[in-house]
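Here is the structure we will look at, set down as structure tokens.
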Amino acid sequence: MTPAAAVLTPRADDFPRWYQDVVAKAQLAENGPVRGTMVIRPYGYAIWELLQAELDRRIKALGAHNAYFPLFIPESYLRREAEHVEGFSPELAVVTHGGGKELEEPVVVRPTSETIVNASFARWIQSHRDLPMLINQWANVVRWELRPRLFLRTTEFLWQEGHTAHATDAEAHELARRVLEEVYLDTMRSVMAIPVLTGRKTDGERFAGATTTWTCEGMMGDGKALQMATSHELGQNFARPFDITFSDETGASAFVWQTSWGASTRLVGGLIMAHGDDRGLRLPPRLAPVQVVVLVARADPAVLAEARRLASSLGAAGLRTQVDDRTDVSFGRRVVDWEIKGAPVRLEIGPRDLAEGQAVLVRRDAEGKEPVSLDAAVGTVTRMLDDIHASLLAAADRRRRHDTHEVDTIADAVEASAGGFAVLPALAVDGGGERDLNAAGVSVRCLQRRDGSLPERGDPVTELVAVVARAY
RNA sequence: CGGGGAGUAGCGCAGUGGUAGCGCACCUGCUUUGGGAGCAGGAGGUCGCGGGUUCAAGUCCCGUCUCCCCGACCA
Numbered sequence: 204m205t206p207a208a209a210v211l212t213p214r215a216d217d218f219p220r221w222y223q224d225v226v227a228k229a230q231l232a233e234n235g236p237v238r239g240t241m242v243i244r245p246y247g248y249a250i251w252e253l254l255q256a257e258l259d260r261r262i263k264a265l266g267a268h269n270a271y272f273p274l275f276i277p278e279s280y281l282r283r284e285a286e287h288v289e290g291f292s293p294e295l296a297v298v299t300h301g302g303g304k305e306l307e308e309p310v311v312v313r314p315t316s317e318t319i320v321n322a323s324f325a326r327w328i329q330s331h332r333d334l335p336m337l338i339n340q341w342a343n344v345v346r347w348e349l350r351p352r353l354f355l356r357t358t359e360f361l362w363q364e365g366h367t368a369h370a371t372d373a374e375a376h377e378l379a380r381r382v383l384e385e386v387y388l389d390t391m392r393s394v395m396a397i398p399v400l401t402g403r404k405t406d407g408e409r410f411a412g413a414t415t416t417w418t419c420e421g422m423m424g425d426g427k428a429l430q431m432a433t434s435h436e437l438g439q440n441f442a443r444p445f446d447i448t449f450s451d452e453t454g455a456s457a458f459v460w461q462t463s464w465g466a467s468t469r470l471v472g473g474l475i476m477a478h479g480d481d482r483g484l485r486l487p488p489r490l491a492p493v494q495v496v497v498l499v500a501r502a503d504p505a506v507l508a509e510a511r512r513l514a515s516s517l518g519a520a521g522l523r524t525q526v527d528d529r530t531d532v533s534f535g536r537r538v539v540d541w542e543i544k545g546a547p548v549r550l551e552i553g554p555r556d557l558a559e560g561q562a563v564l565v566r567r568d569a570e571g572k573e574p575v576s577l578d579a580a581v582g583t584v585t586r587m588l589d590d591i592h593a594s595l596l597a598a599a600d601r602r603r604r605h606d607t608h609e610v611d612t613i614a615d616a617v618e619a620s621a622g623g624f625a626v627l628p629a630l631a632v633d634g635g636g637e638r639d640l641n642a643a644g645v646s647v648r649c650l651q652r653r654d655g656s657l658p659e660r661g662d663p664v665t666e667l668v669a670v671v672a673r674a675y
């Protein structure tokens with residue numbers, strides 16, 4: 204019996220309970236006093252900051268600039284786009300009083316910022332020389348949730364939202380897809396080690412106000428899907444009501460074509476559920492606040508000195524390193540702590556190791572330990588971190604393939620969705636098929652080409668497949 | 001909105017009218033420390049709130065508030 208079994212509910216017993224246990228025991232987050240709100244604890248926030256930095260770098264590489272727009276939005280702004288307000292009104296938080304008086308016009312707490320950003324775009328954009336305009340903001344948003352779950356669905360969450368304006372439909376289309384692949388898909392694979400599917404949402408699943416929604420869908424440890432990021436083509440749906448026009452090269456006035464796209468703290472939940480095991484979190488090295496923990500086995504001055512020297516050279520090599528010298532806490536307790544927290548690599552060092560000029564190297568994603576000489580430790584650990592990323596990704600990919608089943612009918616798709624994804628001809632979910640799926644608790648996650656690539660606009664539905672699953 | 005549960009120590013819970021408890025966590029000391037250590041001592045409570053019955057209420061009655069689950073609504 205592994206000690207961790209006494210700490211966490213095994214995943215097979217009760218996956219949601221396991222998830223809650225990990226979030227609590229790894230000290231990632233806890234519930235806030237208002238239902239649906241979340242306190243993100245320092246360790247959880249450190250993961251988010253690392254992820255944020257990766258996304259931010261890629262967003263800026265697209266040519267986008269960060270800005271900040273207000274939390275409060277005039278209610279009238281939301282009403283300007285019919286589908287948009289209809290989609291969001293059930294989950295709006297509305298402020299009716301301020302300064303001790305009832306407001307003449309209520310303000311809503313942003314559920315997303317299309318409207319208020321576009322009110323600025325209308326002023327900022329005059330000429331085709333102002334285009335394309337690529338703006339991103341990091342912010343909190345509020346969507347009143349009835350069934351909240353930490354990180355996955357909270358009433359208030361943190362995210363980035365990109366908003367762009369272009370001279371042509373084709374340009375907006377291309378940008379929405381570049382964001383999906385160059386920002387989101389790439390971050391998920393090469394930072395989060397999660398092999399997501401990409402595709403187009405059905406009309407029923409599309410963002411309120413968008414003409415097309417593109418999505419990244421990940422498979423969690425229980426076979427359910429998680430929508431991990433979306434990128435929308437807005438057409439001219441907002442340009443018209445907000446009057447965002449520009450003079451083109453010929454001097455003619457035209458409405459801009461737009462996109463918007465976002466990824467949130469939900470990704471942290473996805474990270475937990477995609478890689479975690481019965482011993483806790485397993486963090487991909489690029490998102491691990493502590494990549495290497497140097498664990499002092501016994502309270503011994505010589506051991507402690509060596510541990511610190513080792514940590515210092517690991518740190519100098521650019522690895523996020525922490526010495527655990529809490530020798531007033533038992534060794535076993537500290538090992539379990541770091542396993543729950545998902546630190547990718549442990550280096551254990553005690554008097555016996557010191558005598559041999561070595562440390563004991565343990566990787567979180569595999570069984571077994573091996574000695575490593577102190578001289579070689581930095582190089583070995585550095586290589587091992589890359590290898591851990593690769594094997595987490597490979598394992599997740601293997602599981603996704605294994606739990607994805609090709610089927611032909613809605614009934615078979617529902618059955619297959621009990622333990623993973625089902626792929627069936629897109630024609631089958633056209634019209635009534637999607638309703639039947641939804642009635643069974645299964646949803647269309649995305650539409651793809653048969654080879655898994657993104658559909659093009661001209662693709663006939665007969666050439667596409669639908670990926671369906673139960674989802675968070 | 002309908003139905004069903006639950007509010008007792010930081011967390012999880014027991015307590016069927018008679019001194020408010022247990023596990024974990026916390027504090028102190030000693031012994032420990034290579035996979036959640038042991039022993040001893042200690043601190044911590046308006047039992048959700050208000051009223052009532054009773055010699056006596058965490059427990060029974062009435063009211064009220066909050067939270068959770070299922071359904072409905074919504075998507």
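For the first sequence, the working numbering assigns the number 204 to the initial residue and increments by one for each residue that follows.
Glycine included, C-beta positions come from ideal geometry on N, C-alpha and C.
Predicted model, so just to flag it, every value in this text is computed and none were measured.
Reduced DSSP secondary structure (H/G/I, E/B, other) of residue i
i	result
residue 488	helix
residue 213	coil
residue 409	coil
residue 284	coil
residue 466	strand
residue 657	coil
residue 337	strand
residue 206	The pLDDT assigned to residue 206 is 49, lower than 50, so where the model puts this residue is not dependable; a value taken from the coordinates is nonetheless given after this. Reduced to three states, the DSSP call for residue 206 is helix.
residue 584	helix
residue 330	strand
residue 552	strand
residue 452	coil
residue 482	coil
residue 617	helix
Beta carbon of residue i nearer than 8 Å to that of residue j
i	j	result
residue 338	residue 447	no
residue 497	residue 526	yes
residue 382	residue 464	yes
residue 308	residue 289	no
residue 243	residue 251	yes
residue 466	residue 340	no
residue 437	residue 412	yes
residue 581	residue 520	yes
residue 441	residue 233	no
residue 358	residue 247	no
residue 400	residue 649	yes
residue 664	residue 626	no
Residues that residue i bridges to, as DSSP identifies them
i	result
residue 360	344
residue 423	Answer is none; residue 423 lacks a bridge partner.
residue 667	652
residue 471	Answer by DSSP bridge pairing: none, since residue 471 is not bridged.
residue 276	311
residue 574	563
residue 368	336, 461
Segment limits, alpha helix (DSSP H) that includes residue i
i	result
residue 563	Unbroken run through residue 563 is the beta strand (DSSP E), 561–566; no alpha helix (DSSP H).
residue 245	245–264
residue 511	504–519
residue 225	218–228
residue 440	Per DSSP, residue 440 belongs to no alpha helix (DSSP H) and is neither H nor E.
residue 378	372–381
residue 392	389–393
Endpoints, beta strand (DSSP E) assigned at residue i
i	result
residue 607	607–609
residue 628	624–628
residue 317	First-last for residue 317: 317–327, but that is the alpha helix (DSSP H), not the beta strand (DSSP E).
residue 414	That residue, residue 414, is in no beta strand (DSSP E); it is neither H nor E in DSSP.
residue 752	The structure shown does not extend to residue 752, since the chain is modelled only from 204 through 675, so no value can be given for it.
Practice problem: Check whether the stretch 416–436 touches the stretch 397–407, taking contact to mean three or more Cβ pairs, one atom from each stretch, closer than 8 Å. | Solution: yes
Quiz item: How do the stretch 592–600 and the stretch 477–488 stand: do at least 3 beta-carbon pairs fall below 8 Å, yes or no?
Solution: yes
Quiz item: Taking one C-beta from the stretch 342–359 and one from the stretch 290–297 each time, how about it: are there three or more such pairs within less than 8 Å?
Solution: yes
Practice problem: Decide yes or no for the touch test of the stretch 512–529 against the stretch 414–422: beta carbon pairs closer than 8 Å, at least 3 of them. | Solution: no
Practice problem: Examine the Cβ distances between the stretch 599–616 and the stretch 631–649 and report whether three or more of them are shorter than 8 Å. | Solution: yes
Quiz item: Are at least three pairs of beta-carbons, each pair with one atom in the stretch 449–462 and one in the stretch 369–383, less than 8 Å apart?
Solution: yes
Self-check item: Touch test, the stretch 540–549 against the stretch 476–483, Cβ-Cβ under 8 Å, three pairs minimum
Solution: yes
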